[in-house]
Each structure stands twice: as structure tokens, then as C-alpha cells.
Amino acid sequence: MHSKYGLLVLNSKNVQKLKQLLTSAAANLTSRLYVRLNPDQPRSDELVSKIYLNSANYCPKLDVRLVVSEIPGKIENYELIGEEKPESIGKTAKKYKKIVLGGTFDRLHNGHKVLLNKAAELASEHIVVGVTDKDMIMKKSLFEMIEPVEFRMKRVVDFVEDISGEAKCLTEPIVDPFGPSIRIKDLEAIVVSRETIKGADAVNKRRNEKGMSQLDVIIVELVEGTDEILNETKISSSSKRREDLGVLLRPAREVPRGEGRPYIIGLAGGIASGKSHIGKYLKEKHGFDVIDCDKLAHTCYEKGSILNQKIADHFGADIVVDGVVDRKKLGGIVFSDKQKLRELSELVWPVVRAKATEIADKSTAKVVVIEAAALIEAGWQNALAETWTVFVPAEEAVRRVVERDNLTEEQAKDRMSSQISNKERIDKSNLALCSLWKYEETRAQVDKAVEGLLKRI
Numbered sequence: 001m002h003s004k005y006g007l008l009v010l011n012s013k014n015v016q017k018l019k020q021l022l023t024s025a026a027a028n029l030t031s032r033l034y035v036r037l038n039p040d041q042p043r044s045d046e047l048v049s050k051i052y053l054n055s056a057n058y059c060p061k062l063d064v065r066l067v068v069s070e071i072p073g074k075i076e077n078y079e080l081i082g083e084e085k086p087e088s089i090g091k092t093a094k095k096y097k098k099i100v101l102g103g104t105f106d107r108l109h110n111g112h113k114v115l116l117n118k119a120a121e122l123a124s125e126h127i128v129v130g131v132t133d134k135d136m137i138m139k140k141s142l143f144e145m146i147e148p149v150e151f152r153m154k155r156v157v158d159f160v161e162d163i164s165g166e167a168k169c170l171t172e173p174i175v176d177p178f179g180p181s182i183r184i185k186d187l188e189a190i191v192v193s194r195e196t197i198k199g200a201d202a203v204n205k206r207r208n209e210k211g212m213s214q215l216d217v218i219i220v221e222l223v224e225g226t227d228e229i230l231n232e233t234k235i236s237s238s239s240k241r242r243e244d245l246g247v248l249l250r251p252a253r254e255v256p257r258g259e260g261r262p263y264i265i266g267l268a269g270g271i272a273s274g275k276s277h278i279g280k281y282l283k284e285k286h287g288f289d290v291i292d293c294d295k296l297a298h299t300c301y302e303k304g305s306i307l308n309q310k311i312a313d314h315f316g317a318d319i320v321v322d323g324v325v326d327r328k329k330l331g332g333i334v335f336s337d338k339q340k341l342r343e344l345s346e347l348v349w350p351v352v353r354a355k356a357t358e359i360a361d362k363s364t365a366k367v368v369v370i371e372a373a374a375l376i377e378a379g380w381q382n383a384l385a386e387t388w389t390v391f392v393p394a395e396e397a398v399r400r401v402v403e404r405d406n407l408t409e410e411q412a413k414d415r416m417s418s419q420i421s422n423k424e425r426i427d428k429s430n431l432a433l434c435s436l437w438k439y440e441e442t443r444a445q446v447d448k449a450v451e452g453l454l455k456r457i
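Residue numbers for the sequence shown follow the UniProt record's numbering, beginning at 1 and rising by one.
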């Protein structure tokens with residue numbers, strides 16, 4: 001039987017067996033491992049980094065927390081990892097009362113924990129944390145998948161106050177590089193990584209201009225890690241976000257289906273996102289039935305159809321010539337006007353959905369994929385077990401549209417402006433896929449997504 005929480009006590013002797021002890025923790029625990037240093041094992045930046053780096057490698061699924069003082073709760077609530085038991089360490093004076101630091105803190109990982117541990121080690125009263133939001137996160141890789149700022153702040157407070165023993169953690173969203181660091185007068189120090197030391201210099205320059213005291217700059221080395229896709233050599237949130245491509249971000253919906261009926265998922269994505277390529281791959285490699293609603297929509301414009309008459313009534317009789325919609329003229333009206341596009345969609349979507357549902361009901365496949373660019377705008381995701389969104393950064397989508405459709409960059413941006421953003425899609429999806437890199441990487445994401453899907457159904 002596995003335990004939820006564990007305690008690993010390190011001393012000068014068993015610290016040499018850290019890797020084996022962390023491997024044992026991974027085999028015996030399901031949630032969290034607290035690490036405590038006994039008095040004969042001095043705390044150092046090198047050791048803290050070593051503990052978190054090895055945790056990332058040997059027990060990556062556990063939430064590892066190196067406590068600064070006593071462990072929270074009673075000792076009997078933990079499974080002891082190894083034979084060492086905690087000894088009383090007493091209370092030691094901390095160097096500062098108030099410390100500040102900042103970051104995105106997305107998918108709180110061991111690199112973040114090294115920074116936060118340093119702050120908790122040095123501050124006795126308050127640890128002030130600015131958590132980046134809005135424009136401050138827009139240039140980050142896969143920023144569309146960054147967790148909501150309220151969730152990130154809650155995770156930081158929970159971690160810091162759990163390990164600090166006494167200092168309180170105060171968090172706030174920041175939309176500029178300074179945040180509370182140039183507003184709170186009695187701050188004493190700022191914790192930064194070597195990569196962000198220039199930010200600390202900028203903070204002290206602004207504090208000097210405002211007549212505030214200078215902050216001591218505490219530099220922490222980041223935890224090593226490698227991501228060949230993103231070309232990163234440190235453990236980072238962007239690498240964690242990439243790892244989450246092809247993995248459920250939100251639980252699947254409980255959608256009733258009859259015995260022997262297919263499991264239906266949605267596949268959404270904006271212009272030039274790579275959605276169609278992935279739909280084709282799901283069909284050819286994995287044997288899913290894929291209903292291309294963009295192509296299906298074309299059949300709804302058959303000469304003399306009721307839909308064509310509704311379009312003529314709404315957008316003007318000159319849009320329909322001899323019972324057929326002039327698609328070029330209609331496109332000129334709707335692609336540069338979100339409201340007009342929405343009005344057209346509300347005419348088309350019900351017809352397309354009815355046809356797609358009819359096709360899905362007749363399918364004998366295990367999984368049916370309803371592929372539609374505007375699936376989320378139409379609200380179809382609420383009736384599907386899962387929705388998968390395919391995306392690329394906006395600038396890459398523009399580049400692809402220019403190259404594929406022989407448009408100017410301005411025309412491509414104008415066409416894309418009528419769509420909802422990648423983030424809006426992902427926020428309403430169960431799973432995300434990114435086709436930014438080589439085909440092999442995209443297909444690996446899809447294979448991972450399918451593997452998880454087949455286990456769920």
C-alpha cells in the first residue's frame with residue numbers, strides 16, 4: 001500500500017545515498033515528500049539545488065518540499081523514507097524580515113522551489129512574490145497554456161508557507177518588471193537567478209530614484225535540465241508546458257453513449273494551425289473516423305438549399321446568384337468583420353452539426369473525430385466527451401497563411417482577426433497540440449494523446 005505523504009531526513013552520512021532514497025520515495029509515495037536536514041548536515045545552496053535536481057530526475061511525480069524549519073503536522077502522519085529520524089534543530093535567527101522576488105511560477109517546479117526555498121530560508125516575516133500576468137507572459141514559449149494567475153499565486157503561497165514555518169507569503173499579479181519591489185519601502189533583499197540579475201539592478205536603480213533603500217541581491221543558481229525541442233538547459237515552465245502537449249489538461253466530460261457507439265471528440269484549431277494534418281494522421285495512423293466539418297459545410301451550400309436562401313435574406317440577394325452562394329463575395333464581407341462572421345456562423349453551424357451528427361451516428365469506428373475550425377465558437381465542445389485544440393503561435397500562423405494563400409501579411413492578419421485567440425480555445429479544451437516543430441514532434445504528441453485516450457475509453 002502506498003502512502004500519500006513521506007518524510008526524508010538527511011544527515012551527514014545518508015546524504016551520500018540521496019539518489020537511492022529519492023528512488024525509494026518514488027516507489028512508496030503518491031503525492032508529497034518532505035525533506036528535512038538534521039543539525040549535523042549544514043544547509044548550502046549547492047545541497048538545496050542538488051536535492052531538487054535529483055528529485056526532478058528520480059521522483060518527478062512527487063511534490064518535493066525541503067522544509068526550512070520543522071515539518072508541518074505530526075510525524076506519525078508521514079511514511080519515513082530511510083532510517084534517519086528528525087532531531088530538534090531549534091529556532092535560528094533569519095537575516096531579513098522582508099524579501100521580494102518575482103516570476104511566472106507556471107506549473108510550479110523544482111527550479112521555482114530553489115528560489116522560493118532561498119527566500120524562506122532568509123525571511124522571518126514576509127516573502128513578497130510578484131507573479132507575472134498579461135503582457136508580461138505574452139512572449140513566453142507556449143504562453144497560451146500558462147495556468148491562470150490566481151491558481152499560480154495560490155500554489156506559491158501554499159508552498160512557501162508550508163516550508164517556511166513562520167514567514168507569511170504575499171502574492172500579487174504584476175504587469176511590469178517591477179511590481180511590489182519599487183512600491184514597498186521596507187523590503188530588504190531581492191532573490192533572483194543569475195539569468196535575471198539585471199532585473200535586480202533595474203529595481204535598485206528605480207528604488208534609488210524614488211528615495212528608497214537599496215535591496216541586497218541574493219543570487220540563486222537555477223536547477224539544470226535539458227529540453228532539445230525548446231533549446232533550453234534549465235528546468236523551466238516552458239519545458240513543462242511542452243510536456244503537457246498531448247496530455248489531458250482538464251478531465252473528459254461524462255457524455256452518455258449507447259453500447260457499441262463511438263467515443264466522439266472534437267478537433268479545433270485556427271487558420272494554418274495544422275489541424276487538418278492532424279485529422280488526416282488520426283484517420284490514417286489510428287483508424288479514427290474523421291468528419292471534416294469545413295468540407296462538410298461546403299455541401300450545405302448546394303444550389304437552391306434552404307441555407308442559401310437564409311444567407312441571401314441576411315446578407316443581401318446579390319450574395320446568391322442562380323441559387324448558388326458567391327463564396328468570394330461572402331468571404332469579403334465576413335472575414336474582416338467578427339460580428340458578420342458570427343452571424344454567418346449562426347446560420348451555418350446548426351446545419352453542419354446536424355449533418356456531422358448523422359454521419360457520426362452511422363460510424364462503426366471506436367472513435368469519431370469532429371474536425372471543425374470554429375467548433376468552440378459554436379459551443380459544440382459542451383456536447384463532446386473531449387475537445388482537442390491544435391495551435392501555433394500567431395506569428396507562425398500569419399507566416400503560413402502568407403505562404404500558402406499568397407496573401408500579404410496585412411491580409412493574413414485581417415483574416416485571423418475574425419477568430420478567437422489560441423488561449424481562448426485552449427481554455428475551453430481538454431487537450432492541446434502544437435504543430436510548431438517538425439512533423440515527427442507533432443505526431444509524437446498525437447500518438448501520446450491517442451495512447452491516453454484509448455486507456456480512458
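Beta carbons: idealized from backbone N, C-alpha and C, even for Gly.
Simplified DSSP assignment, three categories, for residue i
i: Pro350; result: helix
i: Thr408; result: coil
i: Asp337; result: coil
i: Thr171; result: strand
i: Leu230; result: Caution is warranted here: a pLDDT of 40 is assigned to Leu230, below 50, making its placement in the model unreliable, and the coordinate value is therefore given only provisionally. The answer is coil: DSSP assigns Leu230 none of H, G, I, E or B.
i: Trp388; result: strand
i: Ala123; result: strand
i: Thr132; result: strand
i: Ile420; result: coil
i: Val149; result: helix
i: Ala297; result: helix
i: Ala189; result: strand
i: Lys13; result: coil
i: Glu84; result: coil
i: Asp289; result: strand
i: Asp176; result: coil
i: Ala89; result: Note that residue 89 corresponds to Ile in the displayed sequence, not to Ala. Three-state result, Ile89: coil.
Unbroken alpha helix (DSSP H) run spanning residue i, endpoints
i: Ser44; result: Counting along the chain, Ser44 falls outside any alpha helix (DSSP H), and DSSP gives it neither H nor E.
i: Val203; result: 197-209
i: Ala444; result: 439-456
i: Leu22; result: 18-28
i: Arg65; result: It is not in any alpha helix (DSSP H) - Arg65 instead sits in the beta strand (DSSP E) that spans 63-66.
i: Ala312; result: 306-315
i: Ser239; result: 237-243
Residue from the options whose Cα sits closest to the Cα of residue i
i: Leu7; options: Leu62, Val352, Ser44, Asn208; result: Leu62
i: Leu101; options: Arg32, Val68, Glu125, Ala189; result: Ala189
i: Ser305; options: Pro173, Ile319, Gly323; result: Gly323
i: Gly260; options: Ala372, Tyr96, Lys366, Ala56; result: Lys366
i: Asp135; options: Phe143, Val175, Val149, Met145; result: Val175
i: Asp45; options: Lys74, Val351, Leu116; result: Leu116
i: Gly103; options: Ser181, Val402, Glu403, Arg32; result: Ser181
i: Ile426; options: Glu144, Trp380, Arg399; result: Glu144
i: Asn204; options: Arg327, Ile271, Ile184; result: Ile184
i: Arg399; options: Ser429, Val48, Trp380, Leu436; result: Leu436
i: Gly452; options: Pro251, Gln339, Tyr439; result: Pro251
i: Leu347; options: Ile311, Ile271, Asn382, Pro173; result: Ile311
i: Pro60; options: Lys97, Lys338, His109, Val325; result: His109
i: Arg456; options: Ile265, Ile291, Leu122; result: Ile265
i: Val220; options: Gly111, Val450, Asn382, Asn406; result: Gly111
i: Phe288; options: Glu302, Val334, Thr23, Thr364; result: Thr364
i: Tyr96; options: Ser418, Val290, Arg404, Lys118; result: Lys118
i: Met138; options: Ala394, Glu441, Arg404, Leu431; result: Ala394
i: Asp361; options: Asn406, Cys293, Val247, Pro262; result: Pro262
i: Ser55; options: Gly331, Leu18, Lys338; result: Leu18
Other residues of its chain near residue i: CB distance less than 6 Å, five sequence neighbours each side excluded
i: Thr30; result: His2, Lys4
i: Leu21; result: Leu8, Ile81, Gly82
i: Glu84; result: Val9, Asn11, Asn14
i: Ile127; result: Ile99, Ala119, Val160, Ala167, Cys169
i: Glu147; result: Asp106
i: Asp227; result: Below a pLDDT of 50, predicted positions are generally treated as unreliable, and Asp227, at 39, falls in that range; no measurement from the model is reported.
Chain-order list of residues whose beta-carbon lies under 7 Å from that of residue i (same chain, five-residue window excluded)
i: Glu377; result: Ser345, Ile420
i: Gln16; result: none
i: Val48; result: Leu66, Val114, Asn117
i: Asn77; result: Tyr5
Unbroken beta strand (DSSP E) run spanning residue i, endpoints
i: Gly279; result: Careful: Gly279 lies outside any beta strand (DSSP E), inside the alpha helix (DSSP H) at 275-286.
i: Leu142; result: Here Leu142 belongs to no beta strand (DSSP E), and DSSP marks it neither H nor E.
i: Ile264; result: 263-269
i: Leu433; result: 431-434
i: Thr98; result: The amino acid at residue 98 is misidentified as Thr; the sequence shows Lys. Looking at the DSSP string, the run of the beta strand (DSSP E) that includes Lys98 is 96-103.
Distance cut-off 8 Å: residue i Cβ against heavy atoms of the ligand FAD
i: Asn110; result: The ligand FAD is absent from the structure shown, which contains no ligand whatsoever.
Residue-level contact to chain D via CB, residue i, 9 Å cutoff
i: Asp63; result: Absent from the structure is chain D; it holds one protein chain and no more.
Proximal residues to residue i (C-beta, below 8 Å), its chain only, five neighbours per side dropped
i: Cys300; result: Leu307, Val348, Val351, Val352, Lys355
i: Glu424; result: Ile376
If you pair each beta-carbon of the stretch 160-168 with each one of the stretch 62-73, do three or more pairs fall below 8 Å? Yes, the stretch 160-168 is in contact with the stretch 62-73.
Would you be able to state if there are at least three C-beta pairs under 8 Å between the stretch 273-287 and the stretch 357-376? yes
Any 3 or more C-beta pairs closer than 8 Å across the stretch 206-219 and the stretch 124-135: no
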